[in-house]
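Residue numbers (this note's numbering), protein chains in the order written: chain A, 1 to 239; chain B, 240 to 478.
For each residue, glycine too, the CB sits at the ideal point set by N, CA and C.
Scroll down for the structure; my scribbles are underneath it.
Number of protein chains: 2
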Amino acid sequence: MKAPRARGSAAVGSARALAAPESAAGTRPRFERQLPAQRRAALIAATIECLKRYGHDGLSIRTISAQAGVSVGLINHHFPNKDELVAAAYRHFNRELVEGLQAAVARADKTPAARLRAFLTASFSPPNLDADVLAVWVVFWGMYRHSRLIQRVQRETYADYVRLVHNMLADLPGGAAGTRARRARRLDLRLAAIGLTALIDGLWLEWCLEPGRFRPREAVALCEGWVEGLRRRAGGALE
Amino acid sequence: MKAPRARGSAAVGSARALAAPESAAGTRPRFERQLPAQRRAALIAATIECLKRYGHDGLSIRTISAQAGVSVGLINHHFPNKDELVAAAYRHFNRELVEGLQAAVARADKTPAARLRAFLTASFSPPNLDADVLAVWVVFWGMYRHSRLIQRVQRETYADYVRLVHNMLADLPGGAAGTRARRARRLDLRLAAIGLTALIDGLWLEWCLEPGRFRPREAVALCEGWVEGLRRRAGGALE
DNA sequence: TGCGCTCTTGGACATTCGTTCAACAAGGCA
DNA sequence: TGCCTTGTTGAACGAATGTCCAAGAGCGCA
């Protein structure tokens, strides 16, 4: 299934198509100049939208420029090449996820349990829990092994996510270890963060591959159950 | 990063390159005819190999045929089109995973705990736990939303995997519920299978995105810890 | 008002893509 | 031995790809 060519440019979201062609002498501008930062943002948004709609096939200069309501040449004026645009889109996508989760946690009550619940609920709600959104992730992951750019962005942004999860677990009752069990507990925390992250990602994946199999609330419950089980075993080494 | 063109065809694994060009009148066959089933299998193997080496870019008729040591036209003689070849490769990949896991379980001791451990160990060992292998999965997942063929194969093969996990959990001590708690327990089993699958998939993903963060044994321990936590809560509804 | 910076256009380019097909030839069978 | 089935080749096709660049024009500034 290929992305449509969209001749004449539907120009979704562009001001271009708002009015009918001028009748009188009024010479309406044929395009609107924008500041580089704005245009770059629009191109990044168009890239993600194309990825949502057409998957990997949507990653073509012509599809993206049509989606942005812009000519083919413009992309290479704002980005040195396609790979840089894709990497920028990946960075944006990552940042928006992490910032959204951070905001959800910040809005919650100050108790660790409430913060965790807010985090999980946000993870399993729109806009994150959307089959289109996960499809976008998966396309990016598919590039990971063979694109240095994608690898770099991953390193840059993933650390924030891991830190968020890690801190949330550390704040849980029993999470602040005394000096004595400090070392064993830190091992636990490391593995716990890894496990929780994996559980969340895996549930994401499963839900999107087959949304009917369970409901978002059940995913939250599963994660909370996991954390609960962790706390019960607290102090003991995992292996 | 594009896949190389390989003019003259290195013909990896083909009998073609075994001997030097004939000097005397010996007219060595220019190619070897094979049964359709064999050739199809070779093309599927070449497809997966290309996916491992070059990611999504490896999915081109020319790259695959070069990898198989075969001409471009042959692929369309054995498969109606490229999508069917890719779907066949996905089916093969799925089947090999599931059958490998089933075999590992079958080889293990008959106790449920040993079977579970064998399953987990196999899940987090080569050839499954390989960054290349997961990269292949991720490319397939990236096609899922937009390819009916891939969706169909997914439905066909995923059920076996889920059943395997489900049965293993059901066999655990405490898994065989009495008639009284039957219904509540079945809810638990369903969610437990979902959760364990998600945990395994997520750990896969994490390990391959950053293999240094934890060791395969730790992944096994995390999964066993999860199952242990489940059994401790056995009988109670999860929410 | 008009100049000029630079954002924007869109045609042109060389490649690569998936698919087709006429011709070739391997190898079993009579 | 020679025929015949059919697996196999590789050139050719049109479509689509990413990039380039000369020309055009929006809009701030003098």
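Beyond the five residues adjoining it in sequence on each side, VAL153 of chain A comes within less than 8 Å, by CB distance, of ALA87, TYR90, ARG91 and ASN94 in the same chain, given in chain order. Excluding its 5 nearest sequence neighbours in each direction, PRO127 of chain A has C-beta neighbours in its own chain below 8 Å: GLY100 and VAL133, listed in chain order. Think of a sphere of 8 Å around the beta carbon of THR436 of chain B: the chain A residues whose beta carbon falls inside it are GLY202 and GLU206, in chain order. Those residues of the segment 89 to 112 of chain A placed with their C-beta closer than 7 Å to a C-beta in chain B do not exist.
In this structure, the CA atom of TRP204 of chain A is about 7 Å from the CA atom of LEU129 of chain A. Only residues of its own chain outside the window of five on either side were considered, and among them LEU359, LEU435, LEU438 and ILE439 have a CB closer than 7 Å to the CB of CYS462 of chain B, listed in chain order. Neighbours of VAL138 of chain A across chain B, judged by C-beta separation under 8 Å: VAL377, TRP380, GLY381 and TYR383.
By the rule that beta-carbons nearer than 9 Å mark a contact, ILE300 of chain B does not touch chain A. Not one beta carbon of chain A lies nearer than 9 Å to the beta carbon of LEU355 of chain B. 9 Å or more divides the Cβ of LEU388 of chain B from the Cβ of ALA221 of chain A. The contact set of LEU129 of chain A on chain B, defined by CB atoms closer than 9 Å, is empty, because the minimum CB distance reaches about 13 Å. With contacts defined as CB atoms closer than 9 Å, ALA343 of chain B and HIS146 of chain A fail to qualify as a contacting pair.
Look at ARG429 of chain B: its C-beta is under 9 Å from a C-beta on chain A.
For TYR397 of chain B, the nearest beta carbon of chain A is closer than 9 Å to its own beta carbon. It is roughly 15 Å from the alpha-carbon of GLY464 of chain B to the alpha-carbon of ARG454 of chain B. The CB of ARG213 of chain A comes closer than 7 Å to the CB of ILE433 in chain B, given here in chain order.
As summarised for the segment 57 to 86 of chain A, the continuous alpha helix (DSSP H) elements at least 4 residues long and confined to that stretch are 61 to 68 and 72 to 78, given in chain order. Neighbourhood of HIS295 of chain B in chain A, by CB distance below 9 Å: HIS56, VAL139, GLY142, MET143 and HIS146, in chain order. For ARG232 of chain A, the nearest CB of chain B lies under 9 Å from its own CB, placing it at the interface with that chain. Residue B:ARG470 holds the alpha-carbon nearest to the alpha-carbon of LEU428 of chain B among B:ARG394, B:ARG470 and B:ASN315. Within the same chain, ALA307 come within 7 Å of ALA281 of chain B by CB-CB distance, once the 5 residues on both sides are set aside.
Annotation: LEU355 of chain B to ILE300 of chain B spans about 41 Å, alpha carbon to alpha carbon.
Under a 10 Å Cβ-count criterion, SER71 of chain A is classified as exposed, with fewer than 16 other Cβ atoms of the shown protein chains found around its own Cβ.
Inter-residue distance for MET382 of chain B and LEU51 of chain A is about 11 Å (C-alpha atoms, whole angstroms). LEU336 of chain B and ALA114 of chain A have their alpha carbons spaced roughly 40 Å apart. Scanning B:ARG269, B:VAL466 and B:THR302 for the CA closest to the CA of PRO412 of chain B turns up B:VAL466. Rounded to the nearest angstrom, the gap between the Cα atoms of TRP380 of chain B and ARG213 of chain A is 17 Å. The C-beta of GLY312 of chain B has fewer than 16 other C-beta atoms within 10 Å across all chains shown, which makes the residue exposed.
In this structure, B:THR286 is the residue among B:THR286, B:TYR400, B:ARG269 and B:ARG402 with its C-alpha nearest to the C-alpha of GLU323 of chain B. Contact of GLY464 of chain B with chain A is assigned, a C-beta pair being separated by under 9 Å. Taking the Cα positions, ALA45 of chain A is about 9 Å away from ILE64 of chain A.
Under the 9 Å criterion on CB atoms, GLY69 of chain A is classed as non-interfacial with respect to chain B. If one requires a minimum length of 4 residues, the alpha helix (DSSP H) runs lying completely within the segment 110 to 149 of chain A are 112 to 123 and 131 to 144, in chain order.
Cα atoms of ALA118 of chain A and ALA108 of chain A: separation of roughly 6 Å, rounded to the nearest angstrom.
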